[in-house]
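**Student:** I'd like to ask some things about the structure below.
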Amino acid sequence: MNSGSRSGAVSRQPSSESSESPGSSVSPRQDAGPSLAGAAGSGPAGTAADAAARPAPARTAADSHDLIQVRGARENNLTGISLDIPKRRLTVFTGVSGSGKSSLVFDTIAAESRRLINETYTAFVQGFMPSLNRPDVDALHNLSAAIIVDQERMGANARSTVGTATDAYTMLRLVFSRLGVPHAGPAYAFSFNTPQGMCPACEGLGKITDIDVDELVDRDLSLNEGAIKAPGFGVDTWYWQVMANSGFYDPAVKLRDFTPQQWEDLLHKPTTKVKVGSSNLTYEGLAVRVRKQYLGKDRESLKGQARAFADRAIKLLPCSECGGSRINEAARSSKIDGLSIADCSAMQISDLAVFVRKLDAPEVGPVLANLRATLDSLVEIGLGYLSLDRESATLSGGESQRVKMVRHLTSSLTDVTYVFDEPTAGLHPHDIRRMNDLLLQLRDKGNTVLVVEHKPETIEIADHVVDLGPGAGAAGGRLCYAGDLAGLRASGTLTGRYLDHRARLRETFRRPSGHLPIRGADLHNLQGVDVDVPLGVLTVVTGVAGSGKSSLIHGYVSGRQGVVVADQSPIRGSRRSNPATYTGLLDPIRAAFAKANGVKPALFSANSEGACPACKGIGLIYTDLAMMAGVATVCEECEGRRFTPEVLAYTLRGKDISQVLEMPVAEASGFFTTGPARAILERLEAVGLGYLGLGQPLTTLSGGERQRLKLAVNMARSGTVYVLDEPTTGLHLADVDHLLGLLDRLVDDGNTVIVIEHHQAVMAHADWIIDLGPGAGHDGGRVVFTGTPAELVATGDSLTAVHLREYVNRP
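With the first letter of the sequence shown counted as 1, position 423 gets the number 1382 in our numbering; the numbers rise by one all the way through.
Pasting the structure below:
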């Protein structure tokens, strides 16, 4: 399983020890000539793109302090690998999904750096910090401070925005506090997170929680006919009787015929004593009571009908007082050149950068310079279509990573280790070149840059490449190659063989069986889009990040009947959930164990009768340490096997239930060769999840793995419209070919497949392309091309056409 524990002391070995992995070259790059000229794309002389072509200073093997030395790494599926990684260079880690890249880079190198830094603090301070285990490695030498820039979402804090996360809004507040007219006060007077600056009505959130009256009542019915739709207020319930007998309105009159005063009494009347029969009872308006009953509770704590009603009826609406700007009237009234700070925050960042460049105010010169640099970095990194008031929680994983990256581009720190997890995720080929430039900028400031990546465009700018594999899970975890790019191409490894592989344009195109029309689409930045999506074929929707692809497909296709969406969003469930439970695979497995042993199937569920009583079937004991981070330890009772000894005594063909759940999908396919279990396992293998453990917690899966798991669950259907959102995320170059075969299989089985994608191999393989653009934000939102990939290559002039043409024509 990929979620192995991190344990084992770190022992120190002589630094002169060399890697013993066969066939690997671990010496730093010593070439004297520019072997990577132009790899990062075109640009003016002296840019970071040119830096890739500059030779690295020659070093000798004696310069061991210039190498991160890894010895005997065994975290998760790593097989005790040893290698040297050059410092102050850009190293890209490659290999198939599950080969051990993240285990080496994040769970070993970065984790140990973080742990050692934490140990430098006093015991008192450490008490407030997460408790980090030692990674399972013999030795790590010459580590520098590691900064992890990953794709984790930036949290659900409604007060965090792009502006606050990048400090751009802080700088903007300083500018308005000095230049705004009329003067509104110091910088905190423009902050929606302080009492001095926030809107009093919404307390700086920009939204208020309100109730949709039409979800609360049916205006065409009377109270006697059951007009109230909220759970617990049905006809003849206790509170219904209070309302019906209150005397404020006639329960036999339809609600649409109520007078304004009766409507007010029905919905909003404050707490009032009324006499019903001989009793004095308390009456309050329906909306007042529902607010108390539902808004005062955590939405997650509501169950069943109550949860469904809350989701329908309780809405977040823009605050009517501040118009969603979050700040009070004084802050909104202070302006620079006719624009308030709220106007600036709502502007597209690329437009705001233009506005700020026009400001000439020596009294805030340093602040303006830093603000310009931050905004320009956001534009350069491909996020110019966002606005500073965009909530951080609404950003995709790729957008979150790039926002985090901006903070480091202007940092004065040098000689640190930056660790990136697929920084090109969600990026159009046009934007990948800009991302490469930024990675090289970080390197050229004297930093060590470690990148886990699959895209050949980024692999090709590396000073050093580390290739892990050869397979995934138990078949991976070994060092296949370490060295320069030329050596990778000649290495014969899977990555080396596929580095220059190109998918060809489809020669014959499937004919659509019909069309799914979209008319007048205007969600977000879409500009009244009219387009017909063909049915019965493979359609790829393309365009730069922010061009409107997701708005078009998720906004106007995903919600239709018969549409299955397989995206990368988290799968609802707890740490008890795993691929076996999510796919329904556990049911035939339990049935097979029960039949073989003549006992009940419930015994073989870690969530039922067979669960270990000590850990309740989780296999781990979670200890809450109050202010310190919680600690998970392997259950001593079941030794992490999750079941009671009595259940583990029952076997199926020599394996107990715990051993079966430890199996990767590929191994389980050989164990269950017939029946429903085999059918589910075949679908999991078909989507490229053969390395996944049956009992691996869903909380440990990547976004790409979650998407493929959802696809496996639904792909048994026929006549379905499948919507996939960037399915190549996390896929090795060789796995992309496997994905294309899967997409063909879905279409050939009578389905429609719509893919939102940037990968040129998927574009080339499509029957039909819908290209949005021409740019991002308000520069996008239009259909710039529809047709076959061959037509796009032959006649298209969009950014997608340029890059697809370059891809298919590259020798």
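All residues carry an ideal CB built from backbone N, CA and C; glycine is no exception.
Once the 5 residues before and after His1227 are set aside, which same chain residues still bring their CB inside 8 Å of it?
**Tutor:** Indexing the sequence shown from 1 puts residue 1227 at position 268. Once the five neighbours on either side are set aside, the close Cβ partners of His1227 are Gly1244, Ala1246 and Val1247.
**Student:** Residue ranges of each alpha helix (DSSP H) run of no fewer than 4 residues wholly in the segment 1713-1746, ordered along the chain?
**Tutor:** Here the runs fully enclosed are 1719-1724.
**Student:** Let me confirm a value: Ala1753 is counted as buried when at least 16 other C-beta atoms fall within 10 Å, else exposed. Which label applies?
**Tutor:** Locating residue 1753 in the sequence shown gives position 794, counting from the first residue. Answer is exposed; the Cβ neighbour count stays below 16.
**Student:** Mapping the DSSP letters down to three states, classify Met1157 as helix, strand or coil.
**Tutor:** Against the sequence shown, residue 1157 aligns to sequence position 198. Strand, per DSSP.
**Student:** Taking three-plus beta-carbon pairs below 8 Å as touching, is the segment 1265-1283 in contact with the segment 1082-1092?
**Tutor:** Output reads no: the segment 1082-1092 does not touch the segment 1265-1283.
**Student:** Pull up the DSSP beta-bridge partners for Ser1299, would you.
**Tutor:** Along the sequence shown, one-based indexing puts residue 1299 at 340. DSSP lists Lys1294 as partners of Ser1299.
**Student:** Can you give me the C-alpha to C-alpha distance between His1737 and Cys1303, rounded to a whole angstrom?
**Tutor:** On the sequence shown, residue 1737 is found 778 positions in, with the first residue counted as 1. On the sequence shown, residue 1303 is found 344 positions in, with the first residue counted as 1. Approximately 15 Å, taken between the alpha carbons.
**Student:** Touch check for the segment 1489-1496 and the segment 1375-1386: three-plus C-beta pairs under 8 Å?
**Tutor:** Contact between the segment 1489-1496 and the segment 1375-1386 is absent, because fewer than three Cβ pairs lie under 8 Å.
**Student:** Residue range of the beta strand (DSSP E) that Ile1477 falls in?
**Tutor:** For the purposes of this step, residue 1477 is taken as the residue at position 518 of the sequence shown. Unbroken beta strand (DSSP E) run through Ile1477: Gly1473 to Ala1480.
**Student:** Would you kindly work out how many angstroms separate the C-alpha atoms of Ile1286 and Val1743, rounded to a whole number?
**Tutor:** Taking the sequence shown and counting its residues from 1, the one referred to as residue 1286 is at position 327. Taking the sequence shown and counting its residues from 1, the one referred to as residue 1743 is at position 784. Roughly 38 Å separates the two Cα atoms.
**Student:** How would you label Trp1727, buried or exposed, when you count the other beta carbons within 10 angstroms and need 16 or more for buried?
**Tutor:** In the sequence shown, counting from the first residue as 1, residue 1727 sits at position 768. That one is buried.
**Student:** By how many angstroms is the C-alpha of Arg1463 removed from the C-alpha of Gly1689?
**Tutor:** Position 730 of the sequence shown, counted from the start, is the residue given in the question as residue 1689. Position 504 of the sequence shown, counted from the start, is the residue given in the question as residue 1463. Answer to the nearest angstrom: the Cα atoms are 22 Å apart.
**Student:** Locate the beta strand (DSSP E) running through Arg1030, then write down its first and last residues.
**Tutor:** Here the question's residue 1030 lines up with position 71 in the sequence shown. From DSSP, the beta strand (DSSP E) with Arg1030 extends over Leu1026 to Ala1032.
**Student:** In or out: Glu1223 buried (at least 16 other Cβ within 10 Å) or exposed?
**Tutor:** In the sequence shown, counting from the first residue as 1, residue 1223 sits at position 264. Classification of Glu1223: exposed, given that the 10 Å Cβ count is below 16.
**Student:** Looking at the secondary structure, which residues open and close the alpha helix (DSSP H) in which Gly1649 lies?
**Tutor:** Here residue 1649 refers to the residue found at position 690 when the sequence shown is read from its first residue. Neither: Gly1649 is in no alpha helix (DSSP H) and is coded neither H nor E.
**Student:** Give me the Cα-Cα distance between His1024 and His1367, rounded to the nearest whole angstrom.
**Tutor:** What you label residue 1024 is simply residue 65 of the sequence shown in a count that begins at 1. What you label residue 1367 is simply residue 408 of the sequence shown in a count that begins at 1. Approximately 24 Å between the Cα atoms of the pair.
**Student:** What beta strand (DSSP E) runs, 3 residues minimum, are completely inside the segment 1355-1441?
**Tutor:** Counting only runs of 3 or more, we get 1376-1380, 1407-1411 and 1423-1428.
**Student:** Excluding five sequence neighbours on each side, which residues of the same chain lie with their C-beta closer than 6 Å to the C-beta of Tyr1650?
**Tutor:** The count along the sequence shown starts at 1 and reaches residue 1650 at position 691. Counting only Cβ-Cβ distances below 6 Å, and skipping sequence neighbours, we find Gly1057, Ala1431, Gly1432 and Pro1623.
**Student:** Less than 9 Å between the beta carbons of Ser1299 and Ser1293, yes or no?
**Tutor:** In the sequence shown, residue 1299 corresponds to position 340, counting from 1. In the sequence shown, residue 1293 corresponds to position 334, counting from 1. Contact flag set, yes.
**Student:** Could you check whether Leu1620 and Gly1599 sit closer than 9 Å to each other, using their CB atoms as the reference points?
**Tutor:** For the purposes of this step, residue 1599 is taken as the residue at position 640 of the sequence shown. For the purposes of this step, residue 1620 is taken as the residue at position 661 of the sequence shown. Against a cut-off of 9 Å, the Cβ pair of Leu1620 and Gly1599 comes out as no contact.
**Student:** Using DSSP bridges, identify the partner residues of Tyr1242.
**Tutor:** Locating residue 1242 in the sequence shown gives position 283, where the first residue counts as 1. Tyr1242 is bridged to Thr1231.
**Student:** With distance defined between alpha-carbon atoms, name the residue in Thr1038, Phe1630, Val1522 and Leu1670 nearest to Phe1552.
**Tutor:** By 1-based counting over the sequence shown, the position of residue 1552 is 593. Considering only alpha carbons, the answer is Phe1630.
**Student:** With 16 other CB atoms within 10 Å as the buried threshold, where does His1413 fall?
**Tutor:** The residue given as residue 1413 occupies position 454 in the sequence shown. Flag for His1413 reads buried.
**Student:** Can you tell me whether His1423 is buried or exposed? The criterion is at least 16 other CB atoms within 10 Å of its CB, across all chains shown.
**Tutor:** Walking along the sequence shown from the start, residue 1423 turns up at place 464. Buried: at least 16 other Cβ atoms inside 10 Å.
**Student:** Looking at Tyr1457: is its Cβ nearer than 9 Å to the Cβ of Ser1450?
**Tutor:** As a working note, residue 1457 is residue 498 in the sequence shown. As a working note, residue 1450 is residue 491 in the sequence shown. No, Cβ-Cβ distance for Tyr1457 and Ser1450 is not below 9 Å.
**Student:** DSSP three-state label for Ser1336, please.
**Tutor:** Locating residue 1336 in the sequence shown gives position 377, counting from the first residue. Helix.
**Student:** If I'm right that Val1714 touches Val1488 with Cβ under 8 Å, what's the distance once you round it to whole angstroms?
**Tutor:** Locating residue 1714 in the sequence shown gives position 755, counting from the first residue. Locating residue 1488 in the sequence shown gives position 529, counting from the first residue. Their Cβ separation, rounded to whole angstroms, is 18 Å, which puts Val1714 and Val1488 out of contact at 8 Å.
**Student:** Taking the alpha-carbon of Pro1190 as reference, which of Arg1137, Gln1252 and Pro1159 has the nearest alpha-carbon?
**Tutor:** The sequence position of residue 1190 within the sequence shown is 231, counting from 1. Closest option to Pro1190, Cα to Cα, is Gln1252.
**Student:** Expressed to the nearest angstrom, what Euclidean distance is found between the alpha-carbon atoms of Ala1625 and Leu1099?
**Tutor:** In the sequence shown, the residue the question calls residue 1625 occupies position 666. In the sequence shown, the residue the question calls residue 1099 occupies position 140. Using only the alpha carbons, I get a separation of about 33 Å.
**Student:** Whose C-beta lies closer than 7 Å to the C-beta of Asn1239 among residues of the same chain, with five residues either side of it excluded?
**Tutor:** Position 280 of the sequence shown, counted from the start, is the residue given in the question as residue 1239. Lys1232.
**Student:** Hey, out of Gly1282, Gly1709, Ala1565 and Pro1635, whose CA is closest to Pro1604's CA?
**Tutor:** Numbered from 1 along the sequence shown, position 645 holds the residue referred to as residue 1604. Taking only the C-alpha atoms, the option nearest Pro1604 is Ala1565.
**Student:** By the three-class DSSP mapping on this structure, what secondary structure does Ala1070 have?
**Tutor:** Position 111 of the sequence shown, counted from the start, is the residue given in the question as residue 1070. If DSSP states are grouped into helix, strand and coil, Ala1070 belongs with the helices.
**Student:** So the candidates are Thr1687, Met1722, Ala1693 and Tyr1681; which of them puts its Cα closest to the Cα of Asp1708?
**Tutor:** As a working mapping, residue 1708 is identified with position 749 in the sequence shown. Comparing Cα positions, the closest option is Tyr1681.
**Student:** Output the residue ranges of the alpha helix (DSSP H) runs that lie fully inside the segment 1263-1290 and measure 4 residues or longer, sorted by chain position.
**Tutor:** Segments of the alpha helix (DSSP H) lying fully in the segment 1263-1290: 1263-1272.
**Student:** Taking the C-alpha atoms as reference points, what is the distance between Gln1028 and Ala1645?
**Tutor:** As a working mapping, residue 1028 is identified with position 69 in the sequence shown. As a working mapping, residue 1645 is identified with position 686 in the sequence shown. Taking the straight line joining both Cα atoms gives about 38 Å.
**Student:** Using DSSP's beta-bridge definition, name the partner residues of Glu1350.
**Tutor:** The residue you call residue 1350 lines up with position 391 of the sequence shown. Beta-bridge pairing links Glu1350 to Thr1120.
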